[in-house]
Amino acid sequence: MGEPSAVLVEETAGGAGVSAVLLRDKPARGLPAGLVRTARPRQWVKNGLVLAAPFAAGRLLSLRDSVQLAVVLVLFTACASAVYLINDARDADADRAHPVKRQRPVACGQVPVGAAYAAGALLAVAAPATAFVVCNADTAGLLAGYVVMQLAYCVWLKHMLVVDLVIVTTGFLMRAMAGGVALGIGLSRWFLITSGFCALFMVAAKRYSELVLVSGQAGEGRDVGATRALLGEYTSGYLRFVWQLAAGVGVLAYCLWAMETGGTASGLLPWRQLSMVPFILSVLRYAVFADAGSAGAPEDVLLRDRALVVIGLAWGALYVLAAVNR
Numbered sequence: 020m021g022e023p024s025a026v027l028v029e030e031t032a033g034g035a036g037v038s039a040v041l042l043r044d045k046p047a048r049g050l051p052a053g054l055v056r057t058a059r060p061r062q063w064v065k066n067g068l069v070l071a072a073p074f075a076a077g078r079l080l081s082l083r084d085s086v087q088l089a090v091v092l093v094l095f096t097a098c099a100s101a102v103y104l105i106n107d108a109r110d111a112d113a114d115r116a117h118p119v120k121r122q123r124p125v126a127c128g129q130v131p132v133g134a135a136y137a138a139g140a141l142l143a144v145a146a147p148a149t150a151f152v153v154c155n156a157d158t159a160g161l162l163a164g165y166v167v168m169q170l171a172y173c174v175w176l177k178h179m180l181v182v183d184l185v186i187v188t189t190g191f192l193m194r195a196m197a198g199g200v201a202l203g204i205g206l207s208r209w210f211l212i213t214s215g216f217c218a219l220f221m222v223a224a225k226r227y228s229e230l231v232l233v234s235g236q237a238g239e240g241r242d243v244g245a246t247r248a249l250l251g252e253y254t255s256g257y258l259r260f261v262w263q264l265a266a267g268v269g270v271l272a273y274c275l276w277a278m279e280t281g282g283t284a285s286g287l288l289p290w291r292q293l294s295m296v297p298f299i300l301s302v303l304r305y306a307v308f309a310d311a312g313s314a315g316a317p318e319d320v321l322l323r324d325r326a327l328v329v330i331g332l333a334w335g336a337l338y339v340l341a342a343v344n345r
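Counting from 20, one number per residue, gives the positions in the sequence shown under my numbering.
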């Protein structure tokens, strides 16, 4: 192994220059840590959506079902990580020219491009294969379809207007479907409609927030479309229309679902119908961040806003009561 080379990274904050030296070629012990960083651990919280279908169905899980669901969660995380690894390997040259992305492990040389490709390919093949053995063929097909779709997005589909929003939304919907597919739970039309449009709401709000952010920096000479493909092709008015439309359809679908399936036959109160209140409140609360252009990181909004956390817990409690008393 040759001697490590250094690359200088400069950031400007409040007019003061801040310099940091990053080792371009890290020693061998830095490779595993770099691969983990490239797999985006902060994004893994999204994969918790695999629990959505069993929870929505009100199914009380056995030990075997719980283990199966945990396995699916790990496998979906592996698939998502595979896409991040391959994407960063493919975009390494472009990322080196980006003021922030050049600090990614592949771009800065901590992870060789070949190693990122190899690790990504291994996870992309191993996860669906494992699902076929320990779950079922449908789960394996869902995971394989997710990987193929996301890789097509990285290479081609992210350059197609509107289609890019649909692909990212579909990725969230496939997460929400995975737990139900693995456990053989039927996915109702209301579940699919509600999950799909709520996902579109968050995706469009994220794009809107990104556009607001970079538009505010346009006066500094930065290209609006530099941070994400097609971002400069959208207008803030269009993205606002999309997230408002998606929020409305998602709320309507959930209310129709609750009214159709909720009742008082075996409970003191119509718990599922009452769950409409915190659900609507959660959408209204999240819309505050979307409207302000600060919903660029959905996982941060959901986990750090105390009001949203409390509303979410209230909704979960009502839904559990609906499942127990149905």
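In this text, a Cβ means the ideal position worked out from N, Cα and C, and glycines have one as well.
These numbers were taken from a predicted model, which means no experiment stands behind them.
On the criterion of 16 or more Cβ atoms from any shown chain inside 10 Å, does residue i qualify as buried, or is it exposed?
i           : result
residue 277 : buried
residue 199 : buried
residue 34  : Confidence at residue 34 is low in this model, with a pLDDT of 39, below 50, so its placement is unreliable and no value can be given for it.
residue 57  : buried
residue 323 : exposed
residue 31  : Only weak support exists for where residue 31 lies, its pLDDT of 35 falling under 50; the value from the coordinates is given anyway. By the neighbour-count rule (16 or more Cβ atoms within 10 Å), residue 31 is not buried but exposed.
residue 188 : buried
residue 302 : buried
Excluding the 5 residues preceding and the 5 following residue i in the sequence, name in chain order all residues of the same chain whose CB lies nearer than 8 Å to its CB.
i           : result
residue 140 : 101 and 105
residue 290 : 281, 337, 338, 340, 341 and 344
residue 326 : 304
Can you give the beta carbon distance from residue i to residue j, rounded, assuming they're within the 8 Å contact cut?
i           : j           : result
residue 161 : residue 197 : 6 Å
residue 72  : residue 210 : 7 Å
residue 124 : residue 132 : So it is not a contact: roughly 11 Å between Cβ atoms.
residue 220 : residue 262 : 5 Å
residue 205 : residue 165 : Contact doesn't hold; Cβ gap of about 20 Å is too wide.
residue 142 : residue 97  : 5 Å
residue 68  : residue 194 : 4 Å
residue 249 : residue 218 : Not confirmed; about 19 Å, so no contact.
Can you list, in chain order, the residues of its chain whose CB lies under 6 Å from that of residue i, leaving out five sequence neighbours each side?
i           : result
residue 351 : Since the first residue of the chain shown is 20 and the last is 345, residue 351 is not available in this structure.
residue 84  : 202
residue 173 : 106
residue 82  : none
Provide the residue span of the alpha helix (DSSP H) that contains residue i, from first to last.
i           : result
residue 319 : 317 to 323
residue 255 : 255 to 280
residue 295 : 295 to 311
Should residue i be flagged as near chain D, meaning a C-beta pair shorter than 8 Å?
i           : result
residue 149 : In the structure shown, chain D does not exist; there is a single protein chain.
Identify, in the order they occur along the chain, each residue of the same chain with its Cβ nearer than 7 Å to the Cβ of residue i, setting aside the five sequence neighbours on each side.
i           : result
residue 136 : 105 and 108
residue 299 : 270
residue 328 : none
residue 50  : 130 and 134
Do the region 148 to 162 and the region 181 to 189 make contact, defined as three or more Cβ pairs closer than 8 Å?
no
Would the region 218 to 225 count as touching the region 79 to 92 if we require 3 or more Cβ pairs under 8 Å?
no
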